[in-house]
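Undergrad: Quick note: UniProt numbering has the sequence shown finishing at residue 342, numbered continuously throughout. We put the beta carbon where it would ideally sit given N, CA and C, even for glycine. All of these numbers come straight from a predicted model, not from anything done at the bench.
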Amino acid sequence: MTHRIAILGASGYTGAELVRLIATHPEMEIVALSADRKAGQDMAEVFPFLRHLTLPKLVKIEEIDFSQVDLAFCALPHATTQKVVAALPKDLKIVDLSADFRLRDVADYEKWYGQPHFAPELQPEAVYGLTEFYREEIRNARLVAGTGCNAATGQYALRPLISAGVIDLDRIVLDLKAGVSGAGRSLKENLLHAELSEGTHSYSAGGKHRHLGEFDQEFSKLAGRPVHVQFTPHLMPFNRGILMTVYVDGDPAVIHQTLADAYKDETFIQVLPFGALPSTRDVRGSNFCHIGVTGDRVPGRATIVAVLDNLTKGSSGQALQNANLMLGIEETTGLMLAPVFP
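1. Going by the DSSP bridge assignment, what does residue 353 pair with across the sheet?
2. When the distance is taken between beta carbons, is Ala276 closer than 7 Å to Leu97?
3. Give the secondary structure of Tyr128 by DSSP, where H, G and I count as helix, E and B as strand, and everything else as coil.
4. For Ile329, which residues of its own chain have a beta-carbon under 7 Å away from its beta-carbon, when the five flanking residues on both sides are left out?
5. Determine the contact status of residue 345 and Asn287, defining contact as a CB-CB distance below 7 Å.
6. Just checking, does the segment 191-205 make contact with the segment 140-152 on the three C-beta pairs under 8 Å criterion?
7. Is the segment 78-89 touching the segment 50-59, taking contact as three or more C-beta pairs under 8 Å?
8. For the segment 11-72, which segments carrying the beta strand (DSSP E) assignment without a break, of at least 3 residues, lie completely within its bounds, in sequence order?
9. CA-CA distance, Gly165 and Gly314?
10. Using only CA atoms, which one of Ala86, Pro233, Leu18 lies nearest to Phe118?
11. Expressed to the nearest angstrom, what Euclidean distance is found between the alpha-carbon atoms of Leu272 and Ser67?
12. Let me check one thing: in DSSP terms, what residues is Cys74 bridge-paired to?
13. Let me know the secondary structure DSSP gives Ser279 once reduced to three states.
14. Quick check: what's the CA-CA separation for Ser181 versus Asp42?
15. State yes or no: is the C-beta of Asp308 within less than 7 Å of the C-beta of Thr131?
16. Have a look at Glu137 and Met326 and give me their C-alpha separation to the nearest angstrom.
17. Where does Val340 land, buried or exposed, given buried means 16+ other C-beta within 10 angstroms?
18. So, are the CB atoms of Asp175 and Thr280 less than 7 Å apart?
19. If distances are taken between C-alpha atoms only, which option among Gly317, Leu33, Gly213, Arg225 comes closest to Ala6?
20. Rounded to the nearest angstrom, how far is the Cβ of Glu17 from that of Ser316, given a contact under 8 Å?
21. Between the C-alpha atoms of Asp296 and Asp249, what's the straight-line distance to the nearest angstrom?
22. Which residue wins for smallest C-alpha separation from Gly217, given the options Gly184, His193, Arg159?
23. Hey, could you find the ends of the beta strand (DSSP E) Asp175 is sitting in?
24. For a cutoff of 7 Å on Cβ pairs, would you count Ser181 as touching chain D?
25. I need the DSSP call for Pro233, collapsed to helix, strand or coil.
26. Please go through the same chain and pick out, in chain order, the residues whose beta-carbon is closer than 8 Å to the beta-carbon of Ala223, but skip the five residues on each side of it.
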């Protein structure tokens, strides 16, 4: 059976990544692509790397006949998706890649995103899209809210440890390095080559980053009490990838074994041998997440390093993994591409 797919917001990085992945998917066909400013253009004009594919022309969302669509990916900017999703058919399966349905409490959404939730009636049915931990809920969902790429990386490193109670929940530090594509495709002065290359800088430090809302929500739910991590992201002069270094108090050997046990049956999560640490080069262009653990010169402290590709496992690959579950397709279909190296 071939499932008919629409991608809303196909002119952005995550939209293009969805096209790249679905192009070789044996059970999906892209029947509609939307864009705003680039409506009327061919995808080959917007993304020349896709010119070998036969794809629908980019159109406005209101021009799409959703009666001919089985599932829609919403790769739209934050703060626009809620209104769009609310206007779509109520029986349409949707995977949202924005932040608009990630936070279960609409008051938390307003706190972190600075505006009211525009579709509060839909929030209760939205399932948080961290596939490995919400698999069954996603399988039965109509609306799945993709995670933040930074939030996903930190959760892969920490969720099993919080659940097992093997780390000090009041002493968790997350230091993140992220590639430029995570900021989207919009023209921004600070992302110009001359402004960004040959250097790096932190941003949203001091507890201001929006993905802290997801960390608070998910970690506190796991622990059964408030958990507030310390988190500082840094923008790096490379295109793809996230590297999260996590500092925790706990027995390094126990931490490593806990992660290895938790992910031993997970195709896309690879825990390295103790003492080995991963690189963003190891996962580029793939749906894999690699995790390494090492000890510290001070007993009882450990360092965890997790890497993933922000556009694939952190966003579009995760979205496709979830869509596979929602459509009754084998979860790994279309996602077993090896990382691109060098």
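TA: A quick look at the data gives this:
1. Outside the displayed span of the chain (1 to 342) sits residue 353, for which this structure offers no information.
2. Within the sequence shown, residue 97 is the residue found at index 97, counting from 1. Within the sequence shown, residue 276 is the residue found at index 276, counting from 1. No, these two residues do not count as a Cβ contact at 7 Å.
3. Here the question's residue 128 lines up with position 128 in the sequence shown. Residue state, collapsed to three classes: strand.
4. What you label residue 329 is simply residue 329 of the sequence shown in a count that begins at 1. Excluding residues within five positions, the ones whose Cβ falls inside 7 Å are Glu27.
5. In this structure the chain extends from 1 to 342, so residue 345 is not present and cannot be described.
6. no
7. no
8. 28-34
9. For the purposes of this step, residue 165 is taken as the residue at position 165 of the sequence shown. For the purposes of this step, residue 314 is taken as the residue at position 314 of the sequence shown. Cα to Cα, Gly165 sits roughly 26 Å from Gly314.
10. Here the question's residue 118 lines up with position 118 in the sequence shown. Measuring from the Cα of Phe118, the nearest candidate turns out to be Ala86.
11. To locate residue 272, count along the sequence shown from 1; it is residue 272. To locate residue 67, count along the sequence shown from 1; it is residue 67. Straight-line Cα distance between these residues: approximately 46 Å.
12. The residue given as residue 74 occupies position 74 in the sequence shown. Cys74 pairs with Leu8, Asp96.
13. Your numbering for residue 279 matches position 279 in the sequence shown. Coil, per DSSP.
14. As a first step, residue 181 is located in the sequence shown; it is residue number 181 there, counting from the start. As a first step, residue 42 is located in the sequence shown; it is residue number 42 there, counting from the start. Taking the straight line from one Cα to the other gives about 22 Å.
15. Looking up residue 308 in the sequence shown gives position 308. Looking up residue 131 in the sequence shown gives position 131. The residue you asked about is not Asp; residue 308 is Leu in the sequence shown. In this structure, Thr131 does not lie closer than 7 Å to Leu308 by Cβ.
16. Counting from 1 along the sequence shown, the entry for residue 137 is found at position 137. Counting from 1 along the sequence shown, the entry for residue 326 is found at position 326. Rounded to the nearest angstrom, the two C-alpha atoms are 9 Å apart.
17. Start at 1 with the first residue of the sequence shown, and residue 340 comes out as number 340. Classification for Val340: exposed.
18. Within the sequence shown, numbered from 1, the residue matching residue 175 stands at position 175. Within the sequence shown, numbered from 1, the residue matching residue 280 stands at position 280. No; because the gap between Cβ atoms is not below 7 Å, this pair is not in contact.
19. Reading the sequence shown from its first residue, position 6 is the one you call residue 6. Per the Cα distances, Leu33.
20. Working through the sequence shown from its first residue, we reach residue 17 at position 17. Working through the sequence shown from its first residue, we reach residue 316 at position 316. Their Cβ separation, rounded to whole angstroms, is 4 Å, which keeps Glu17 and Ser316 in contact under 8 Å.
21. Within the sequence shown, residue 296 is the residue found at index 296, counting from 1. Within the sequence shown, residue 249 is the residue found at index 249, counting from 1. Distance between the alpha carbons of Asp296 and Asp249: 10 Å.
22. Numbered from 1 along the sequence shown, position 217 holds the residue referred to as residue 217. A small correction: the amino acid at residue 217 is Gln; Gly does not occupy that position in the sequence shown. For Gln217, the nearest C-alpha among the options comes from Arg159.
23. For the purposes of this step, residue 175 is taken as the residue at position 175 of the sequence shown. That run of the beta strand (DSSP E) goes 172-178.
24. Of the protein chains in this structure there is only one, and it is not chain D.
25. As a first step, residue 233 must be located in the sequence shown, where it is residue number 233. Strand at Pro233.
26. Reading the sequence shown from its first residue, position 223 is the one you call residue 223. Excluding sequence neighbours, Ala223 sits near Ile162, Leu169.
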